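Participant: Residue numbers (the numbering used here): 41 to 336.
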Ligand code: GDP
């Protein structure tokens, strides 16, 4: 199932339940089973789905609900709340603090929007009074440094990279030393992203992470990635200690159901979403509006 269908399927299951003349145990179970199936097929962790179903059944005890209660609304609200809980990994992510160099490392597949998102993130914090700087440790993709340079120049953010050096660890270290010396307090490193999960990519990422010792590793994920979301997010988490997720291209057709999987796989919260190609098309993530959108 394409993840973008997830929200639609959940909405339809709720609608079908609403259409039933009487909402009894059987109708509720059918509705919850369909929602669970949709989540399973979207690669949401088995345990999370089980918990969700159990929690809803606990809240919506049909026998206890007095005749006057609006069962439909109570069930819909319970589903909404549970989806919010699924997006909440129960811990907050590291947030940059003033007065010290905050080191942030970006990881993700090629094309996910990583380089664009690095600049958006830097720009966001620049507006809050931070002094950001960008390092391009992507020595794999031709043009990666130029792209970062272009974005950074537009935002008037200093950058560091090399056209000739092939060792990303060396670039990362040099950039880090320089920007620390120059008192930048938000040092952001863009790493190589490749087409698929390659051992070499993960090893390189791990080495950059060891060299940088980042305060936060952000996993950037394209919202339209579909079924692969869970596995990919998990693969990244297994190599470096991902602490937050940014979901990009939320302005496209995808409704962003993959975020549920990414949160489950990385046990990290979504902190921002990308909503366009421009620098300021970037929003702090809020669970409730997101779930509303997911459900259409
Ligand atoms: P990278 O390979 O992961 O570094 O990805 P890039 O930053 O080069 O982005 C790939 C493409 O996605 C570019 O054309 C970006 O302009 C575009 N892009 C990035 N974020 C967004 C977003 O939030 N919305 C849209 N519509 N496009 C985006």
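Heads up, the beta-carbon is just placed ideally off N, CA and C, and yes, glycines get one too. The model shown is predicted, which means the values in this text are computed figures rather than measured ones.
So, under 8 Å CB-CB, residue 199 and residue 216 are touching, yes? Tell me the CB distance rounded to an integer number of Å.
Facilitator: Residue 199 to residue 216, Cβ: 13 Å. No contact.
Participant: Under 8 Å: do the region 49–64 and the region 86–99 share three or more Cβ pairs, one atom per stretch?
Facilitator: Verdict: no, contact absent.
Participant: The ligand SAM and residue 201: does any heavy atom of the ligand fall closer than 7 Å to the residue's C-beta?
Facilitator: No copy of the ligand SAM occurs in the structure displayed; its ligands are the ligand GDP alone.
Participant: Taking Cβ to Cβ, would you say residue 152 is nearer than 8 Å to residue 239?
Facilitator: No, these two residues do not count as a Cβ contact at 8 Å.
Participant: Since residue 284 and residue 301 are thought to touch, with beta carbons under 8 Å apart, how far apart are those beta carbons, to the nearest angstrom?
Facilitator: Actually they are not in contact, since the Cβ atoms of residue 284 and residue 301 sit about 15 Å apart, beyond 8 Å.
Participant: To the nearest angstrom, how far is the alpha carbon of residue 264 from that of residue 45?
Facilitator: If you take the alpha carbons of residue 264 and residue 45, they lie about 11 Å apart.
Participant: Rounded to the nearest angstrom, what separates residue 69 and residue 118 at their Cα positions?
Facilitator: Cα-Cα distance, rounded: 14 Å.
Participant: Buried or exposed for residue 250, going by 16 or more other Cβ atoms inside 10 Å?
Facilitator: By the 10 Å Cβ count, residue 250 comes out exposed.
Participant: Does residue 228 come out as helix, strand or coil in the three-state DSSP assignment?
Facilitator: Correct three-state label for residue 228: strand.
Participant: Looking at residue 326 and the ligand GDP, is the gap between the Cβ and the nearest heavy atom below 7 Å?
Facilitator: No.
Participant: CB residue 145 to CB residue 231, shorter than 8 Å?
Facilitator: Against a cut-off of 8 Å, the Cβ pair of residue 231 and residue 145 comes out as a contact.
Participant: What is the residue span of the beta strand (DSSP E) that residue 175 lies within?
Facilitator: Per DSSP, residue 175 belongs to the beta strand (DSSP E) from 172–177.
Participant: Per DSSP, what are the beta-bridge partners of residue 262 in this structure?
Facilitator: According to DSSP, which records beta bridges pairwise, residue 262 is partnered with 288.
Participant: Have a look at residue 295 and residue 129 and give me their C-alpha separation to the nearest angstrom.
Facilitator: Caution applies to residue 295, whose pLDDT of 49 falls short of 50 and renders its modelled position unreliable; the value that the coordinates give is listed next. Approximately 20 Å, taken between the alpha carbons.
Participant: Keeping to the same chain, check which residues put their C-beta closer than 8 Å to that of residue 139; ignore five residues upstream and five downstream.
Facilitator: Contacts found: 225.
Participant: Here's a check: name, in chain order, each residue in its chain whose Cβ is nearer than 7 Å to the Cβ of residue 323, leaving out the five neighbours to either side.
Facilitator: Cβ within range, chain order: 312, 313 and 315.
Participant: If you reduce the DSSP assignment to three classes, tell me which class residue 323 lands in.
Facilitator: Correct three-state label for residue 323: strand.
Participant: Using CA coordinates, which residue listed in 52, 135 and 165 is at the minimum distance from residue 116?
Facilitator: Nearest C-alpha to residue 116: 52.
Participant: Output the distance between the C-alpha atoms of residue 176 and residue 164, rounded to the nearest integer angstrom.
Facilitator: Cα to Cα, residue 176 sits roughly 18 Å from residue 164.
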